[in-house]
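A.B. asks: Using our numbering, the letters of the sequence shown correspond one by one to residues 10 to 188.
Structure below; questions to follow.
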Amino acid sequence: FRAAAVFPLFFFLLKVYQYRMPADQAQILWWCTVSNLGLGLSMIFGFARGVWIFSFMLILGTPIWLLDVWATGDFTIYSVFTHVISPALGIYSVRKLSVPRGIWWQAMIYYFSLMLIARVLTPPALNVNLAHDVYAAAKPFIQNYWLYTAMNSFLLATSLYVLGRLADQRFPLSRDPRA
Numbered sequence: 010f011r012a013a014a015v016f017p018l019f020f021f022l023l024k025v026y027q028y029r030m031p032a033d034q035a036q037i038l039w040w041c042t043v044s045n046l047g048l049g050l051s052m053i054f055g056f057a058r059g060v061w062i063f064s065f066m067l068i069l070g071t072p073i074w075l076l077d078v079w080a081t082g083d084f085t086i087y088s089v090f091t092h093v094i095s096p097a098l099g100i101y102s103v104r105k106l107s108v109p110r111g112i113w114w115q116a117m118i119y120y121f122s123l124m125l126i127a128r129v130l131t132p133p134a135l136n137v138n139l140a141h142d143v144y145a146a147a148k149p150f151i152q153n154y155w156l157y158t159a160m161n162s163f164l165l166a167t168s169l170y171v172l173g174r175l176a177d178q179r180f181p182l183s184r185d186p187r188a
């Protein structure tokens, strides 16, 4: 599957091109964009744990992206690559790998780390990774940012745990220390 790594890396570069204007460059830190970079590098270097983490995040990001497209009408072909093709590549890749232990909580560490980086490095107006404010379409239902973040984190952790359990049932445990 290493040859397939060129695709998520290319998709990451397309997003870099899309966000090339100085006012947009912080948007490169969206977790789906960074997950493309991580997936491609993990595939190249045979880092199974990374392939699993980034694949899970891309898979779970797809329905969120579809809701965003529906709510905002914001659609680009680059996003199709990130939110449809990369998760499919992730699914293809993980089928060939065993499941590292504790993958769900490790993916949460990645999520929180990227959220913190976005909170520190990106302008609040962009709200990259929802690091500054409640998603605009959700504001009629919930206004408290910290409650919103806790709910999102709980839903993500639960989804990652369920995906991890399903993967554990489908694939044997990894014995590879690099995984």
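Beta carbons: idealized from backbone N, C-alpha and C, even for Gly.
State the CB to CB distance for the pair Leu-38 and Leu-165, rounded to an integer number of angstroms; the pair is presumed to be in contact (CB under 8 Å).
C.D. replies: Wrong, their Cβ atoms sit about 17 Å apart, outside the cutoff.
A.B. asks: Is the beta carbon of Phe-20 closer than 8 Å to that of Phe-65?
C.D. replies: In this structure, Phe-20 does not lie closer than 8 Å to Phe-65 by Cβ.
A.B. asks: Where does Met-30 sit, in a helix, a strand or coil, going by DSSP?
C.D. replies: Coil, per DSSP.
A.B. asks: Within the continuous alpha helix (DSSP H) that includes Val-93, where are the two ends?
C.D. replies: It is not in any alpha helix (DSSP H) - Val-93 carries neither H nor E in the DSSP assignment.
A.B. asks: Buried or exposed, going by whether 16 or more other CB atoms sit within 10 Å of the CB of Ser-102?
C.D. replies: Burial call: buried.
A.B. asks: Which full runs of the alpha helix (DSSP H) of 4+ residues lie inside the region 109-139, going along the chain?
C.D. replies: For the region 109-139, whole alpha helix (DSSP H) runs of length 4 or above, ordered along the chain, are 112-130.
A.B. asks: Following the continuous alpha helix (DSSP H) through Asn-45, name the residue where it begins and the one where it ends.
C.D. replies: Its alpha helix (DSSP H) spans residues 40-54.
A.B. asks: On the CB-based measure, 16 or more other CB atoms within 10 Å of its CB, does Lys-105 come out buried or exposed?
C.D. replies: With fewer than 16 other Cβ atoms within 10 Å, it is exposed.
A.B. asks: Would Ala-35 and Thr-131 qualify as a contact pair, given that the criterion is a beta-carbon distance under 8 Å?
C.D. replies: Cβ atoms of Ala-35 and Thr-131: closer than 8 Å.
A.B. asks: Please classify Ala-127 as buried or exposed, where buried requires at least 16 neighbouring CB atoms within 10 angstroms.
C.D. replies: Classification of Ala-127: buried, given that the 10 Å Cβ count is 16 or more.
A.B. asks: Under three-state DSSP, which class holds Gln-36?
C.D. replies: In this structure, Gln-36 counts as helix in the three-state DSSP scheme.
A.B. asks: Within 10 angstroms of the Cβ of Ile-112, are there 16 or more other Cβ atoms? Answer buried if so, exposed if not.
C.D. replies: Classification for Ile-112: buried.
A.B. asks: For the alpha helix (DSSP H) that Ala-57 lies in, which residues bound it at each end?
C.D. replies: Note, Ala-57: alpha helix (DSSP H), 57-81.
A.B. asks: Trp-61: buried (16+ other C-beta within 10 angstroms of its C-beta) or exposed?
C.D. replies: Buried, by the Cβ-count rule.
A.B. asks: For Phe-10, does the three-state DSSP call read helix, strand or coil?
C.D. replies: Correct three-state label for Phe-10: coil.
A.B. asks: Verify whether the separation of the beta carbon atoms of Pro-96 and Leu-67 is less than 8 Å.
C.D. replies: It is a contact, given that the beta carbons lie within the stated cut-off.
A.B. asks: Closer than 8 Å by C-beta to Gln-152: which residues in its own chain qualify, once you throw out the five before and the five after it? Chain order, please.
C.D. replies: Same-chain partners within the cutoff: Val-143.
A.B. asks: Tell me the rounded alpha-carbon separation between Met-117 and Met-30.
C.D. replies: In a straight line, the C-alpha of Met-117 is about 30 Å away from that of Met-30.
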